[in-house]
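Residue numbers (my numbering), protein chains in the order written: chain L, -14 to 392; chain V, -14 to 392.
Cβ atoms here follow ideal geometry from the backbone N, Cα and C, with glycine treated the same way.
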């Protein structure tokens, strides 16, 4: 043991696994009580958590880390209240563990059940978690994890069920990613660089949460006012979120009516527009969009704009530049909506609703652990249920596969 | 291009991905017709396939590859008929693609659907597949893939939807495993060495199919005749299968009645027994089992035997030595069955039924692509549905996340 690693990552993971075995078999009511206690602890320790966050913010500002990152880092009373509410929302969900998702009687009388059991991290899904945050949030993370562990301890649960890894060295992350005997799943949350690093080095399964290059396509048949609301809500309400809009595609037949109004409203919201030739013909003082703009996840008050010939051209654009995260169509034509849904493989496709609903809480999953862009295990927003797995329970009365056993 | 790689792996994967896009949107009826045509092609080309397999078998025998491996390699009329039937069974299943698995209306009126879309390989799940078999089966694989591609071609489908990689060099596998932009999932099927190699080197997600160290626990309350049938069926009907029994655990209160009878029946079936002290006290001429025996996947007519004090001891044994694949309890005590199910995380747990039912076809999935021992995405037997993924389709009437947009 060195000073830098008072406890080795392997020891932490071992303790976490042991805690997981306890968490896995808790009753729904016990888990709900503990979640409520966690929400209470976060509320009771709000001042300490916000003070810790203020120290992180001050340190980040001194390092000039950029507005989007700063926005992601910042906690205030209202955001903390949102976290607390999300914890309570999870406690109100049906318990995913133990759910029988399918039951079938086979011709030979076997009763086959598929039953959900814990698969990966997350308390309500009955799993222990190892958390490793960025250095910029270390104070906030310590305060929040402390509050949650508090609630666990008060209920006689092992605090190791929620472990914050405070040794932030890259070697430690590498070591963690090798522990395939102890860790079921890694979910890297952060920039593309981090996710690539984890995917490159992990020997444990990884669910990636890559960028959200989210599109709004305004169809020829769209309701203009509704589409204006969707573009404003999608771009301006939290530009640093992965479900914020990055590109606006407009059918040429509606562009002359829609685009000038949209440009006024967006600019009032502080949004910089970068458009194609045809967009600029309608909104002359718009900057020029290039290929990089169409592929960009700005996470900022910038929006790429393109006028397209038709729905097919919009779909082709999204296939070429999109990241399969979230796409929106504004239309009054059900056929166009169906075609848009069928032609795209994106994790979340919305018809006449804001891209900002691409979120676990908004879609009814309680809080979310991330939005998977890996087309495996879970795709799109992941709640507690996404962190369970189905196994088979089969009941018979002595059935054998080979009929004639000579007994 | 070299002679050894007439087409690069990347080119094959590109063609496969393009074919996958076509397969993904086929109607259920078209997929069913093509599956029936595949079954027909396998039947029509049966002689050629069996002749190719006979050449593989002859080459394998010359290399002395072992009885279990030889058994896995061998095709005959009856096994080929089983494959053909499995293909027809898949065609009779509900189409997993497009299924709406959940529909919910949120308080704000958004209608949230979870819809299955293709995720990974396998024709009925709407995916293209790249197959890379072992050198020992190259002739059989060529004949079978040829028949299947035939059926695709006849229906105007791209044959690249089923691609057999004939370049068997390890570098080629390595290259394949790096193509994370083109390949959604790798499923290594084979020995532990192969699976470790793939898990170690893959940059694409991997679903592992590790060994099946399957247990039968005969409880004190078990029906003796039923338990005898289960052990014989589990051990002798296909010992090379991953769902064959490897260890028999017997409650001490029933051991004196059960074990001697089981030993006679198993030995008549050609099974060698290796037991603990207490087993050997009841069946004196039994060989001694050591730690390695309890952890072994024999894939052969050998069975480890242990007398245990009670259900808890059986569970502890399985937790220590098992591989989380398949476990069976023979009991007439519902409480014991519930405890056995709850205490084990194995992918398939059976009560009073043979371990040999741990199989996609037997559990009603149609044929299976493998039995996942990865506690992620799918766990246990994987059918076509396991190779799809759910995404979100959300319908609204203009809902925005932030209520008050000033339009």
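Check whether the Cβ of residue i lies closer than 8 Å to any Cβ atom in chain L.
{"i": "residue 202 of chain V", "result": "no"}
{"i": "residue 205 of chain V", "result": "no"}
{"i": "residue 394 of chain V", "result": "Nothing about residue 394 of chain V can be reported from this structure: the residues present for chain V run from -14 to 392 only."}
{"i": "residue 102 of chain V", "result": "yes"}
{"i": "residue 347 of chain V", "result": "yes"}
{"i": "residue 305 of chain V", "result": "no"}
{"i": "residue 185 of chain V", "result": "yes"}
{"i": "residue 19 of chain V", "result": "no"}
{"i": "residue 143 of chain V", "result": "no"}
{"i": "residue 173 of chain V", "result": "no"}
{"i": "residue 188 of chain V", "result": "yes"}
{"i": "residue 415 of chain V", "result": "Outside the shown range of chain V (-14 to 392) lies residue 415 of chain V, about which nothing can therefore be said."}
{"i": "residue 160 of chain V", "result": "no"}
{"i": "residue 97 of chain V", "result": "yes"}
{"i": "residue 170 of chain V", "result": "yes"}
{"i": "residue 108 of chain V", "result": "no"}
{"i": "residue 182 of chain V", "result": "no"}
{"i": "residue 208 of chain V", "result": "yes"}
Check the Cβ-Cβ distances between residue i and every residue of chain V, and say whether any is below 8 Å.
{"i": "residue 157 of chain L", "result": "no"}
{"i": "residue 339 of chain L", "result": "yes"}
{"i": "residue 385 of chain L", "result": "yes"}
{"i": "residue 245 of chain L", "result": "no"}
{"i": "residue 211 of chain L", "result": "yes"}
{"i": "residue 176 of chain L", "result": "no"}
{"i": "residue 381 of chain L", "result": "yes"}
{"i": "residue 61 of chain L", "result": "no"}
{"i": "residue 5 of chain L", "result": "no"}
Pick out whichever of the options has its Cα sitting closest to the Cα of residue i.
{"i": "residue 36 of chain V", "options": "V:55, V:59, V:16, V:48", "result": "V:59"}
{"i": "residue 342 of chain V", "options": "V:263, V:243, V:219, V:377", "result": "V:219"}
{"i": "residue 293 of chain L", "options": "L:332, L:240, L:48, L:266", "result": "L:240"}
{"i": "residue 368 of chain V", "options": "V:134, V:352, V:379", "result": "V:352"}
{"i": "residue 169 of chain L", "options": "L:331, L:191, L:184", "result": "L:191"}
{"i": "residue 138 of chain L", "options": "L:290, L:22, L:356", "result": "L:22"}
{"i": "residue 65 of chain V", "options": "V:91, V:100, V:24, V:99", "result": "V:24"}
{"i": "residue 19 of chain L", "options": "L:136, L:289, L:361, L:127", "result": "L:136"}
{"i": "residue 333 of chain L", "options": "V:346, V:67, V:193, V:380", "result": "V:380"}
{"i": "residue 52 of chain V", "options": "V:248, V:114, V:285", "result": "V:285"}
{"i": "residue 153 of chain V", "options": "V:127, V:140, V:143, V:167", "result": "V:127"}
{"i": "residue 77 of chain V", "options": "V:359, V:366, V:349", "result": "V:349"}
{"i": "residue 32 of chain L", "options": "L:11, L:259, L:50, L:61", "result": "L:61"}
{"i": "residue 223 of chain V", "options": "V:338, V:38, V:56", "result": "V:56"}
{"i": "residue 355 of chain V", "options": "V:194, V:209, V:287, V:280", "result": "V:194"}
{"i": "residue 263 of chain V", "options": "V:250, V:236, V:253, V:252", "result": "V:236"}
{"i": "residue 15 of chain V", "options": "V:376, V:74, V:141, V:86", "result": "V:141"}
{"i": "residue 183 of chain L", "options": "L:158, L:370, L:243", "result": "L:158"}
{"i": "residue 382 of chain L", "options": "V:366, V:347, V:339, V:364", "result": "V:339"}
{"i": "residue 155 of chain V", "options": "V:209, V:143, V:117", "result": "V:117"}
Can residue i be considered in contact with the ligand SAH, in the sense that its beta carbon sits closer than 7 Å to one or more heavy atoms?
{"i": "residue 190 of chain V", "result": "Looking for the ligand SAH in the displayed structure turns up nothing, as the structure carries no ligands at all."}
How close, in whole Å, do the beta carbons of residue i and residue j come, if the pair is a contact with beta carbons under 8 Å?
{"i": "residue 93 of chain V", "j": "residue 103 of chain V", "result": "Residue 93 of chain V to residue 103 of chain V, Cβ: 31 Å. No contact."}
{"i": "residue 129 of chain V", "j": "residue 34 of chain V", "result": "6 Å"}
{"i": "residue 88 of chain V", "j": "residue 96 of chain V", "result": "7 Å"}
{"i": "residue 196 of chain V", "j": "residue 282 of chain V", "result": "4 Å"}
What does residue i touch in chain A if you count any residue whose Cβ is under 9 Å from its own?
{"i": "residue 378 of chain V", "result": "No chain A is present in this structure, whose protein chains are L and V."}
What residues in the region 66 to 94 of chain V bring their beta carbon closer than 8 Å to a beta carbon of chain L?
-> Of all residues in the region 66 to 94 of chain V, those with a C-beta nearer than 8 Å to a C-beta of chain L are 89, 91, reading in chain order.
- Item | Segment contact flag, the region 113 to 124 of chain L with the region 34 to 49 of chain L, C-beta cutoff 8 Å, min 3 pairs | Result yes; three or more Cβ-Cβ pairs closer than 8 Å.
If you measure beta-carbon to beta-carbon, which residues of the region 351 to 376 of chain V are closer than 8 Å to chain L?
Taking 8 Å as the Cβ-Cβ cut-off against chain L, the residues of the region 351 to 376 of chain V that qualify are 359, 360, 361, 362, 363, 364, 365, 366, 374, 375, 376.
Using a Cβ cut-off of 7 Å, which residues of the region 216 to 227 of chain L contact any Cβ in chain V, in chain order? Residues 217, 218, 222.
For the 8 Å Cβ check, are there 3 or more pairs between the region 102 to 111 of chain L and the region 24 to 36 of chain L? No, the region 102 to 111 of chain L is not in contact with the region 24 to 36 of chain L.
Margin query: Whether or not the region 194 to 210 of chain V and the region 314 to 325 of chain V are in contact is what I'm after, with contact meaning three or more pairs of Cβ atoms, one per stretch, closer than 8 Å; do they touch?
Written below: Between the region 314 to 325 of chain V and the region 194 to 210 of chain V, the count of C-beta pairs closer than 8 Å reaches three or more; the two stretches touch.
The region 26 to 47 of chain V: which residues have C-beta closer than 7 Å to a C-beta of chain L, in chain order?
Taking 7 Å as the upper bound on Cβ-Cβ separation, chain L lies near no residue of the region 26 to 47 of chain V.
Residues of the region 316 to 338 of chain L with a CB closer than 9 Å to any CB of chain V: list them in chain order, please.
Residues passing the 9 Å Cβ filter: 322, 326, 327, 328, 330, 331, 332, 333, 334, 335, 336, 337, 338.
Is it the case that the region 161 to 179 of chain L contacts the region 269 to 276 of chain L, given that we only count it when at least three CB pairs across the two stretches are under 8 Å? Contact fails: fewer than three Cβ-Cβ distances are below 8 Å.
Is the region 206 to 218 of chain V touching the region 378 to 387 of chain V in the sense that three or more CB pairs, one from each, lie closer than 8 Å?
-> No: fewer than three Cβ pairs fall under 8 Å.
- Touch test, the region 224 to 241 of chain L against the region 297 to 309 of chain L, Cβ-Cβ under 8 Å, three pairs minimum: Judged by Cβ distances under 8 Å, the region 224 to 241 of chain L makes contact with the region 297 to 309 of chain L, as three or more pairs qualify.
- Query: Contact between the region 179 to 197 of chain L and the region 260 to 269 of chain L: three or more CB pairs below 8 Å?
  - Reply: Fewer than three Cβ pairs drawn from the region 179 to 197 of chain L and the region 260 to 269 of chain L lie within less than 8 Å of each other, which leaves the two stretches out of contact.
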